[in-house]
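One structure is given here, and the rest of the page talks about it.
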Amino acid sequence: MRAGDMVKRQKRAQAGEGRGPRGRRPGEAQQPARMRRRVGHTERSAVGEVRRELREFLRHRSGPEQIDAAELLLSELVTNALIHTRHGAVVTATATPAALRVEVQDFEADLPAPYVPNADDGTHGRGLILVRSLADAWGVEARALGKVVWFELRGAGV
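In this text, residue positions in the sequence shown follow this note's numbering: the first is 1, and each later residue adds one.
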């Protein structure tokens, strides 16, 4: 090992002293991690791309079950935004040690109406029922430009 490499290694070791397993000092606040993606109205194939981005974003932040649930719920919300609006959507995922919050903002003012699918509808109309069933919390918020439909998943390692 060269002398310069040894000095660099010592400086890195000193910089990490007193830090926990994730590189933070005890009591040091962790900033939320964010993922943001714009999806155009005509980009229906982007639903799969956004799912993959979310999976990668959560890979070291969450367990496989929560990642699967987050992907499914994200798919439902993005698909709804692309089918029922004309201006695309913006997806924002925010992860903290306690929770994951995913927001899908579209640019239509109409709020989603409660829908009870009947047996003849196939799979139509079940997206928000899935969100309601799997998310720890969810909601719809009116915004100056459109609305945000969001969900939260809490717990182990989010």
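Even for Gly, the Cβ is constructed at its ideal location relative to N, Cα and C.
This structure is a prediction, so every number in the text was calculated from the model and none was measured.
Runs of the beta strand (DSSP E) spanning 3 or more residues and lying entirely within the stretch 75-100 occur at 89-95, in chain order.
Apart from the 5 residues on each side of it in sequence, ALA81 sits with its Cβ closer than 7 Å to the Cβ of ALA89, VAL104, ASP106 in its chain, given in chain order. Rounded to whole angstroms, the Cβ separation of VAL78 and VAL131 is 12 Å, and the two are not in contact under 8 Å. A straight line joining the alpha-carbon of LEU153 with that of ALA93 spans about 11 Å. Excluding sequence positions up to five before and after GLU71, its CB lies within less than 8 Å of the CB of ARG51, LEU54, ARG55, all in the same chain and listed in chain order. Distance from the CA atom of THR96 to the CA atom of ARG37, rounded to whole angstroms, is 18 Å. Here ALA69 carries a helix assignment [DSSP, helix/strand/coil]. Counting along the chain, LEU54 sits inside no beta strand (DSSP E); it lies in the alpha helix (DSSP H) bounded by residues 46-58. Nearest in C-alpha terms to ALA33, of all of VAL102, GLU108, ILE83, is VAL102. LEU134 is the residue among ARG44, VAL140, LEU134, ALA142 whose C-alpha sits nearest the C-alpha of ILE67.
The C-beta distance from LEU100 to VAL140 rounds to 18 Å, too long to fall under 8 Å, and the pair is not in contact. GLY127: not part of any beta strand (DSSP E); member of the alpha helix (DSSP H) spanning 127-134, first to last residue. Judged by beta-carbon spacing, GLU76 lies within the 7 Å limit of GLY127, meaning their Cβ atoms are closer than that value. Here ASP110 is not bridged, per DSSP, to any residue.
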